[in-house]
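In the numbering used here, the protein residues as written are 367 to 629.
Presented below is the structure to which this report refers.
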């Protein structure tokens with residue numbers, strides 16, 4: 367009698383798990399190293415590190431950080447790391463996976479499908495990406511030619527791409543330069559782009575990761591930015607061997623630090 371009871375309970379658990387999977391739809395699991403796996407996938411296919419970082423920066427914007435093959439657009443058709451539309455390119459991905467007996471929600475399948483599209487229906491996008499020589503060019507090429515997004519928010523995609531490059535292009539995170547005790551020290555509250563001037567229209571030099579501490583030489587009025595704070599002040603800082611402007615909207619200077627003069 368006990369054996370029959372245990373067998374019944376095992377069947378019930380299996381059935382409950384199956385129903386839960388069906389109701390929840392796509393799996394939500396996302397490994398912490400998905401960004402690195404994707405970056406190394408495209409480098410392994412022959413793309414430059416800049417081009418690979420540009421693609422992954424887009425995928426982070428589309429599916430989350432780290433990239434999530436189980437991403438499901440709430441109330442919309444987007445699916446997977448590139449948010450392919452159900453009823454269109456997502457259906458083609460499912461057919462691609464089924465033909466090989468593979469799981470369409472798996473990261474490796476979705477990466478393979480991007481490459482498959484590059485060699486078939488998205489050849490134009492592939493040409494645009496491979497023609498890019500900088501992170502910015504590669505990010506925008508993938509955004510506009512492959513994703514064809516409505517509101518692209520390219521600034522976010524470029525910032526993510528820089529962070530991916532800094533983390534994985536040299537096999538280790540980019541070092542944070544030593545601080546200068548004679549200057550105010552600012553700490554970033556999110557990804558923050560280092561620029562040549564006090565506005566988002568100026569060229570990007572690098573991207574600071576969240577939690578980076580940098581010396582602040584001075585600050586100037588510039589473009590109004592809403593972030594962690596809303597501010598039109600831009601700080602002149604040093605980071606990773608370069609100097610440039612970052613928005614104070616994402617830079618916290620704690621109370622008690624030396625005064626920051628106007629540039």
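Virtual Cβ for every residue (Gly too), placed ideally from N, Cα, C.
For residue i, I'd like the list of residues in its chain whose CB is within less than 6 Å of its CB, leaving aside the five on either flank, ordered along the chain.
{"i": "residue 492", "result": "484"}
{"i": "residue 479", "result": "459 and 462"}
{"i": "residue 619", "result": "550 and 552"}
Compute the Euclidean distance between the alpha carbons of residue i and residue j, then round it to the nearest angstrom.
{"i": "residue 427", "j": "residue 515", "result": "11 Å"}
{"i": "residue 419", "j": "residue 410", "result": "13 Å"}
{"i": "residue 475", "j": "residue 506", "result": "24 Å"}
{"i": "residue 501", "j": "residue 524", "result": "7 Å"}
{"i": "residue 535", "j": "residue 569", "result": "21 Å"}
{"i": "residue 577", "j": "residue 465", "result": "45 Å"}
{"i": "residue 406", "j": "residue 598", "result": "38 Å"}
{"i": "residue 603", "j": "residue 453", "result": "48 Å"}
If I measure Cβ to Cβ from residue i and keep anything under 7 Å in the same chain, skipping five residues before and after, which residues do I get?
{"i": "residue 481", "result": "411"}
{"i": "residue 567", "result": "none"}
{"i": "residue 608", "result": "560, 571 and 572"}
So for residue i, helix, strand or coil by DSSP?
{"i": "residue 471", "result": "coil"}
{"i": "residue 628", "result": "strand"}
{"i": "residue 430", "result": "coil"}
{"i": "residue 389", "result": "In this predicted model, residue 389 has a pLDDT of only 30, less than 50, meaning its place in the structure is not dependable; the value taken from the coordinates is given anyway. Residue 389 falls in the helix class under three-state DSSP."}
{"i": "residue 540", "result": "Because the pLDDT of residue 540 is 43, which lies under 50, any placement of that residue in the model is unreliable, and the question is left without a value."}
{"i": "residue 442", "result": "coil"}
At what residues does the alpha helix (DSSP H) containing residue i begin and finish?
{"i": "residue 505", "result": "501-507"}
{"i": "residue 456", "result": "455-465"}
{"i": "residue 524", "result": "520-534"}
{"i": "residue 494", "result": "489-496"}
Run through the segment 548-626 for me and flag every whole beta strand (DSSP E) of 3 or more residues, listed as ranges in chain order. With a minimum length of 3 residues, the continuous beta strand (DSSP E) runs that stay inside the segment 548-626 are 550-554, 558-561, 570-574, 579-592, 596-605 and 608-613.
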